[in-house]
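What follows is a single structure, written as structure tokens, with notes after it.
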Amino acid sequence: MTKPIRIDNETEYLQKASNVPSDLLANSFNKNSTISKNTKLVIVGTLTPPDTAYFYCSFYNRIYGYIDEAINNLGRNNAITLKELKIGLAKVHNKRTNINLCEKNEIEKKVNLIKEILSKNKIAFLDVMDKAIRRKKTPYDHDIEFYKLAKNDLRKISPSMTTIANSKLAKECLDSIGIKSTLLSQRADKKSKWIEMIEKTIK
């Protein structure tokens, strides 16, 4: 399996991207991150798939459920859970191209509610990559061929924040620029580890 190649030079990246079909190009969701000086916990992934509405909004992603449980354990119940919002977004948005105005408004409302819950609990998400070129159209790290690191966004992570890397590649990227993180892969680590770390950080 070929390891993704990092390109730091913008001109070089754009030259490679110009020869690739648009559906194999992906950009980060970092402009919609809730990271701020008040953030306590940053969960960093590789790159959010372009056919989802927000970070970690695929049907099978477990992170929202982990956060919900940690919030609930701390006695901070919400009228609607992050997981419920994620499922609602996935039904309306994921892998669709013909989204009407009413659906767009519904998507925006749900994303704003997610951001509100995250901000209130001092949690933020970031993509470690600013943009990437894939070998084929999948959300998997092993199908990323070239990428550019999201250095400007990652500089917002302060030493006082706890950082979780949710993939080996995300951790390698963070390590390369001196950002300390804990690797908690959804595949390799148990649910209890996620919940324990989230609770400990945001309490």
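At the far end of the sequence shown sits residue 248, using my numbering, and the numbering has no gaps.
All C-beta atoms, glycine included, are put in the ideal place defined by N, C-alpha and C.
DSSP state of residue i mapped onto helix, strand, coil
{"i": "ASN143", "result": "coil"}
{"i": "VAL137", "result": "helix"}
{"i": "VAL156", "result": "helix"}
{"i": "TYR111", "result": "helix"}
{"i": "ILE116", "result": "helix"}
{"i": "ASN72", "result": "strand"}
Assigned exposure category for residue i - 16 Cβ within 10 Å defines buried
{"i": "LYS136", "result": "exposed"}
{"i": "CYS147", "result": "exposed"}
{"i": "TYR101", "result": "buried"}
{"i": "PHE74", "result": "buried"}
{"i": "SER226", "result": "buried"}
For residue i, the residue or residues it bridges with in DSSP
{"i": "MET206", "result": "According to DSSP, MET206 bridges with nothing at all."}
{"i": "LYS193", "result": "LYS176"}
{"i": "GLY90", "result": "ASP172"}
Residue from the options whose Cα sits closest to the Cα of residue i
{"i": "THR246", "options": "GLY223, LYS235, MET206, LEU219", "result": "MET206"}
{"i": "GLN231", "options": "THR97, THR93, ARG107, SER81", "result": "ARG107"}
{"i": "ALA62", "options": "THR91, GLU190, LYS165, ASP220", "result": "GLU190"}
{"i": "GLU129", "options": "PHE104, PRO49, SER81", "result": "PHE104"}
{"i": "SER164", "options": "ARG51, LYS85, LEU59, THR56", "result": "LYS85"}
{"i": "VAL173", "options": "LYS216, LYS235, SER203, GLU161", "result": "LYS216"}
{"i": "LEU69", "options": "ARG51, ASN166, LYS182", "result": "LYS182"}
{"i": "PRO95", "options": "ALA71, GLU244, GLU114, ILE88", "result": "ALA71"}
{"i": "THR79", "options": "ILE159, ILE152, ASN145", "result": "ILE159"}
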